[in-house]
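Structure first, then comments.
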């Protein structure tokens, strides 16, 4: 009896979900994807019809790309693209010798030693 009630409730929920009108896609989203050990990509569209920001970023091995776009109702619009793909992650870093600096040498002071009236041992 309990199982049949549970199945009936489940079927009612499924029918209600399927009968609901589909949600309208408004164009704003966010996602991330990591397909391998040394690669990833992510992106998003955020905002509203009056102002939005969009970004896409991808990295695979030694290559990195990103794109940023933005716009608003006040005729503001911009796009920027970056791509770095000239590095070699497997090459050893160059080895440079440590810098050698001479030891500092300071000359003796050339000002006269001050003398005070009364001196340190004078009676007050």
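Residue numbers (mature numbering (1 follows the signal peptide of the UniProt record, and there is no 0)): -19 to -1, 1 to 105. By construction, the Cβ of each residue, glycine as well, lies at the ideal position given by its N, Cα and C atoms. These numbers come from a predicted model, not from an experiment.
Kindly indicate which three-state DSSP category residue i falls into: helix, strand or coil?
i: residue 35; result: strand
i: residue 29; result: strand
i: residue 13; result: strand
i: residue -16; result: helix
i: residue 76; result: coil
i: residue -6; result: helix
i: residue 49; result: strand
Since residue i and residue j are thought to touch, with beta carbons under 8 Å apart, how far apart are those beta carbons, to the nearest angstrom?
i: residue 26; j: residue 35; result: 5 Å
i: residue 33; j: residue 48; result: That pair is no contact at about 14 Å.
i: residue 22; j: residue 39; result: 4 Å
Beta-carbon separation of residue i and residue j under 8 Å?
i: residue 53; j: residue 19; result: no
i: residue 12; j: residue 24; result: yes
Taking residue i as the reference, give the member of the options with the closest Cα.
i: residue 62; options: -18, 45, 5; result: 45
i: residue 31; options: 40, 57, 11, 13; result: 57
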